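Protein chains in written order, with this note's numbering: chain A, 9 to 212; chain B, 301 to 460. This report concerns only the one structure given below.
See below:
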């Protein structure tokens, strides 16, 4: 299996999972902040290692990464990445505050972990429903650091199977507030094939 | 001065005057080789410990073992002397913490260990190191004097 050769059908399937997943996530987020949340159709991209950090504004740009282990019928990892502005915007929506600081308190980190948890769980539930697989995610682990450093974690995991990285980008909007999130789904090598088979993208 | 940017799973060598840099090292390791007499430097941004562990290993700059080999070859090609090479290492951190034992999360450590092992095999001395921890690093090798700048977010900047 080589993700360089993933066909257009697979990308459509992943986009659809992303769509349903972020739909659920938008609903959950709307419930928490008690406001209407819109979302854009997710972008599914396959990028070279070097292009990935550029998507997030450069390898040295600080970002928030929230990381989960995925277990069940397939094993792997999920990473949710927010740029600093989006993270702050999300926190202001959650806490009904107007903070512009780039410093994040323990309370902020905890809240971001929880939002990441809800979003990642929404994606996983969609994938689980569509593929009829049992999937669970671990508690979140959060880090704020250079985009390149945060992204080295999913990139290395993709490194075992490819020279490219696959990710799903979603934008949430509440009024003028825009929150862009990047979600990386990283199945382990064996699990990747299992996933594609379960989704009916490759023949068994 | 000319600045060469090395991306993830990439490497570059150059004669002075030149700066070779790589941005945002996390669990990856920046392997720097330097020949002081000839003022020739090389930098590899490796992602995984060994090219022997996996099938998809065509990109030699991705692995500690093959990247070091290529780095030495390329430096010799532009006039470096293998016996004058010394090494510096940076990166290899663990960006995320989990209570469970996950081998993949320990990849930073394993990358550092593999890099050291390979350098030892080639008889190249490690003269400085800034590895481990749970934060990202940007590094800049100045080919004029072999100094290596290590920059972080929130932990400042230093030369090793």
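For every residue, glycine included, the Cβ atom is placed at its ideal position computed from N, Cα and C. On a predicted model such as this, the values are computed, not experimentally measured, just so you know.
Sequence-distant residues of the same chain with beta carbon closer than 6 Å to residue i, five excluded per side
i	result
residue 68 of chain A	154
residue 134 of chain A	25, 28 and 29
residue 192 of chain A	87, 162 and 175
residue 196 of chain A	83 and 84
residue 58 of chain A	none
residue 217 of chain A	Shown here, chain A extends from 9 to 212; a query on residue 217 of chain A therefore has no answer.
residue 452 of chain B	435 and 437
Straight-line gap, residue i to residue j (C-alpha atoms, nearest Å)
i	j	result
residue 212 of chain A	residue 170 of chain A	Residue confidence is low: residue 212 of chain A scores 46 on pLDDT, short of 50, so the model does not pin down where it sits. No coordinate-derived value is stated.
residue 117 of chain A	residue 151 of chain A	9 Å
residue 145 of chain A	residue 80 of chain A	9 Å
residue 454 of chain B	residue 448 of chain B	19 Å
residue 327 of chain B	residue 410 of chain B	9 Å
residue 113 of chain A	residue 99 of chain A	11 Å
residue 395 of chain B	residue 159 of chain A	10 Å
residue 358 of chain B	residue 64 of chain A	27 Å
residue 70 of chain A	residue 91 of chain A	7 Å
residue 136 of chain A	residue 97 of chain A	30 Å
residue 132 of chain A	residue 16 of chain A	22 Å
residue 172 of chain A	residue 166 of chain A	7 Å
residue 443 of chain B	residue 343 of chain B	10 Å
residue 432 of chain B	residue 414 of chain B	14 Å
residue 375 of chain B	residue 336 of chain B	12 Å
residue 362 of chain B	residue 43 of chain A	46 Å
residue 200 of chain A	residue 329 of chain B	26 Å
residue 397 of chain B	residue 377 of chain B	42 Å
residue 386 of chain B	residue 76 of chain A	39 Å
residue 66 of chain A	residue 129 of chain A	28 Å
residue 122 of chain A	residue 45 of chain A	17 Å
Chain B contact for residue i (CB, 8 Å cutoff)
i	result
residue 48 of chain A	no
residue 110 of chain A	no
residue 177 of chain A	no
residue 156 of chain A	yes
residue 167 of chain A	yes
residue 212 of chain A	Any reading at residue 212 of chain A needs caution, since the residue's pLDDT is 46, under 50, leaving its predicted position unreliable; the model's value is listed next. No - not a single Cβ of chain B is within 8 Å of the one on residue 212 of chain A.
residue 261 of chain A	The displayed coordinates of chain A run from 9 to 212. Any statement about residue 261 of chain A would go beyond what the structure contains.
residue 38 of chain A	no
residue 68 of chain A	yes
residue 58 of chain A	yes
residue 114 of chain A	no
residue 140 of chain A	no
residue 161 of chain A	yes
Span of the beta strand (DSSP E), counted from its first residue to its last, around residue i
i	result
residue 315 of chain B	310 to 315
residue 459 of chain B	457 to 459
residue 56 of chain A	51 to 56
residue 390 of chain B	385 to 391
residue 437 of chain B	437 to 442
residue 76 of chain A	70 to 80
residue 335 of chain B	329 to 335
residue 322 of chain B	319 to 325
CB contact check: residue i to chain A, cutoff 8 Å
i	result
residue 362 of chain B	yes
residue 422 of chain B	no
residue 443 of chain B	no
residue 438 of chain B	yes
residue 325 of chain B	yes
residue 381 of chain B	no
residue 309 of chain B	yes
Start and end residues, alpha helix (DSSP H) containing residue i
i	result
residue 135 of chain A	114 to 139
residue 103 of chain A	92 to 103
residue 31 of chain A	16 to 41
Near the ligand NAD: residue i beta-carbon under 7 Å from a heavy atom
i	result
residue 381 of chain B	With respect to the ligand NAD, the structure offers nothing, as it holds no ligand at all.
Sequence-distant residues of its chain with Cβ nearer than 7 Å to residue i (five each side left out)
i	result
residue 23 of chain A	50 and 52
residue 139 of chain A	203, 206 and 207
residue 185 of chain A	97 and 101
residue 308 of chain B	328, 345 and 347
residue 95 of chain A	72 and 120
Contacting residues, own chain, Cβ-Cβ under 8 Å from residue i (five flanking each side not counted)
i	result
residue 450 of chain B	390, 430, 437, 438, 439, 457, 458, 459 and 460
residue 224 of chain A	No answer is possible for residue 224 of chain A: it lies beyond the span of chain A, which begins at 9 and ends at 212.
At which residue ranges does the stretch 144 to 206 of chain A contain complete alpha helix (DSSP H) runs of 4 or more residues, listed in the order of the chain? For the stretch 144 to 206 of chain A, whole alpha helix (DSSP H) runs of length 4 or above, ordered along the chain, are 155 to 167 and 197 to 206.
Which runs of the beta strand (DSSP E) at least 3 residues long sit entirely within the stretch 339 to 382 of chain B? Give them in chain order. Taken in chain order, the unbroken stretches of beta strand (DSSP E) that lie wholly in the stretch 339 to 382 of chain B and span 3 residues or more are 340 to 346.
In chain order, which continuous runs of the alpha helix (DSSP H) of length 4 or greater are located wholly inside the stretch 404 to 428 of chain B? With a minimum length of 4 residues, the continuous alpha helix (DSSP H) runs that stay inside the stretch 404 to 428 of chain B are 407 to 421.
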